[in-house]
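For the sequence shown, this note's numbering gives the first residue as 114, with consecutive numbering after it.
Backbone N, C-alpha and C define an ideal beta-carbon position, used for all residues, glycine too.
Computed from a predicted structure; not experimentally measured.
Presented below is the structure to which this report refers.
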Amino acid sequence: MRLEYKYIIPVHLLDEVRRDILPWVTPDAFASRCDEHQYTVRSIYLDTPRFDVYREKVEGFKVRKKIRVRSYDLLHDNSIAFLEIKRKNEQRGTKHRAMLRFADLPELMQTGGVEQFILAGQDLAVSRESARRFMFHVVSASMRPAALVTYEREAYESRMNPSLRITFDKHLRYRPSPAWSNLFDEQGLRHLAPRMFILEIKFNHGFAPWLQSVIVKHNLVRTSVSKYGACIAACYELKSMLPKRLIDRSPMKAHTRMEVIA
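Here you go:
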């Protein structure tokens, strides 16, 4: 399981933080092919009618999961989507995913036709098993699309440690109760915390001294933040479930801070 650290940072510091890490990292294989080394991440998160996935996060469950459908960039005839199960145990996470054509997504969700629609990744048998797990969670918990969450991502990996991955997630936007066909939509999305970006650091073991120096230099404070959780709170006004404020909307800090307190 990989460790995941997250930081919420004012967007005016983005250029400085990027400049400080660039000697040590390179854009990942996907980002290196994109303009400005960034791409758009598009996810439809699923939840139960009682928002159990959301509750597990904000109530501080140490072991929890997210169920989502994810794709990237713009829609085209051969767009691919991924069924993903992301599990977390405190700060450590694992992910299972299966690939299919986006055009087949509605029928898969209606019929559960894993053998018919799941495409071969590195291992077709593993992909199909991941898809079966995904469908089990969806069907057994009566899950349905709860929120479309979209943002731009700059993705980097360490030049010396391939397991170290750093991402800048920005321009976070969302909409409630999407249809599967809405995955690539931009119209009607609402922006959340536009003056902030989220720095994510993922690694297997050890924390590079140069990276610790960047964190200290900019006084970055690690926090427990969920893009899905923040967007659900904004979508459905469920902040009363939180032991503390999920989104700080005080007059002096409106749109400048976003946090989930576990």
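**Asked** Can we say the segment 144-163 touches the segment 173-189, given the rule of at least three CB pairs closer than 8 Å?
**Response** Segment contact: the segment 144-163 against the segment 173-189, three or more CB-CB distances shorter than 8 Å; contact assigned.
**Item:** Coil, strand or helix - Glu270 by DSSP
**Value:** Per DSSP, reduced to three states, the secondary structure at Glu270 is strand.
**Prompt:** Rounded to whole angstroms, how far is the Cβ of Arg210 from the Cβ of Ala194, which I believe are closer than 8 Å?
**Reply:** Contact doesn't hold; Cβ gap of about 10 Å is too wide.
**Message:** Just to confirm my understanding: we take Ser116, look at its own chain, exclude 5 residues before and 5 after, and list those with CB closer than 6 Å. What are they?
**Reply:** The residue asked about is misnamed: residue 116 is Leu in this sequence, not Ser. Once the five neighbours on either side are set aside, the close Cβ partners of Leu116 are Gln204, Arg205 and Phe316.
**Item:** Bounding residues of the alpha helix (DSSP H) (the contiguous stretch that carries Glu197)
**Value:** Here Glu197 belongs to no alpha helix (DSSP H); instead the beta strand (DSSP E) covers Ile193 to Asn202.
**Item:** Where the beta strand (DSSP E) containing Gln151 begins and where it ends
**Value:** Under the DSSP assignment, Gln151 falls in the beta strand (DSSP E) whose first and last residues are Gln151 to Asp160.
**Message:** Can you find the residues in the same chain that come closer than 7 Å, C-beta to C-beta, to Ser353, ignoring five residues on each side of it along the sequence?
**Reply:** In this predicted model, Ser353 has a pLDDT of only 48, less than 50, meaning its place in the structure is not dependable; the value taken from the coordinates is given anyway. Cβ neighbours of Ser353 beyond the five flanking positions: none.
**Prompt:** Does the beta carbon of Ala211 sit closer than 8 Å to a beta carbon anywhere in chain B?
**Reply:** Any reference to chain B falls outside this structure, which holds one protein chain only.
**Whole-angstrom C-beta distance between Tyr185 and Leu312, which should lie under 8 Å** = Taking the Cβ atoms as the reference, Leu312 lies roughly 20 Å from Tyr185, outside the contact range of under 8 Å.
**Message:** So, at 6 Å on beta carbons, what are the nonlocal neighbours of Pro364 in its own chain, with the 5 sequence-adjacent residues on each side left out?
**Reply:** Because Pro364 carries a pLDDT of 31, less than 50, the predicted location of this residue cannot be relied on, and the following value inherits that uncertainty. Excluding positions up to five away in sequence, the list is empty.
**Request:** Indicate the three-state DSSP secondary structure (helix, strand or coil) for Lys315 in the structure shown.
**Result:** Lys315 falls in the strand class under three-state DSSP.
**Request:** Give a yes or no on whether the C-beta atoms belonging to Leu305 and Ala259 are separated by under 8 Å.
**Result:** No, the pair does not count as a contact, with Cβ atoms beyond the cut-off.
**Prompt:** Across which residues does DSSP place Thr263 in a beta bridge pair?
**Reply:** DSSP, once it has assigned bridges, lists Arg155 and Arg286 as partnering Thr263.
**Asked** Hey, quick one: how far does the beta strand (DSSP E) through Ile122 stretch, first residue to last?
**Response** Here the beta strand (DSSP E) through Ile122 covers Arg115 to Pro123.
**Request:** Might you give, ordered along the chain, the residues of its own chain that have their beta carbon closer than 8 Å to the beta carbon of Gly301, omitting 5 neighbours on each side?
**Result:** Only residues of its own chain outside the window of five on either side were considered, and among them Arg288 have a CB closer than 8 Å to the CB of Gly301, listed in chain order.
**Where the beta strand (DSSP E) containing Lys208 begins and where it ends** = Per DSSP, Lys208 belongs to the beta strand (DSSP E) from Arg205 to Arg214.
**Asked** Does the beta-carbon of Arg266 have 16 or more other beta-carbons within 10 angstroms, so that it is buried, or is it exposed?
**Response** Arg266 comes out buried.
**contact_flag[the segment 283-299, the segment 210-222] where n(CB pairs < 8 Å) is 3 or more** = Counting Cβ pairs under 8 Å, three or more are found: they touch.
**Message:** Going by beta-carbon coordinates alone, are Met212 and Ser240 separated by less than 8 Å?
**Reply:** At the C-beta level, Met212 and Ser240 come within 8 Å of one another.
**Item:** Local conformation of Leu126 per DSSP, three classes
**Value:** For Leu126, the secondary structure class from DSSP, reduced to helix, strand or coil, is helix.
**Request:** From the DSSP output, read off the bridge partner residues of Arg241.
**Result:** Note: Arg241 sits in no beta bridge, so no partner.
**Request:** Measure the alpha-carbon distance for Arg286 versus Met256 and round it to whole angstroms.
**Result:** Distance between the alpha carbons of Arg286 and Met256 is about 22 Å.
**Asked** What's the gap between the Cα of Leu232 and the Cα of Gln223?
**Response** Taking the straight line joining both Cα atoms gives about 17 Å.
**Message:** What would DSSP say about Phe143, mapped onto helix, strand or coil?
**Reply:** Looking at Phe143 - three-state DSSP - the assignment turns out to be coil, as it is neither helix nor strand.
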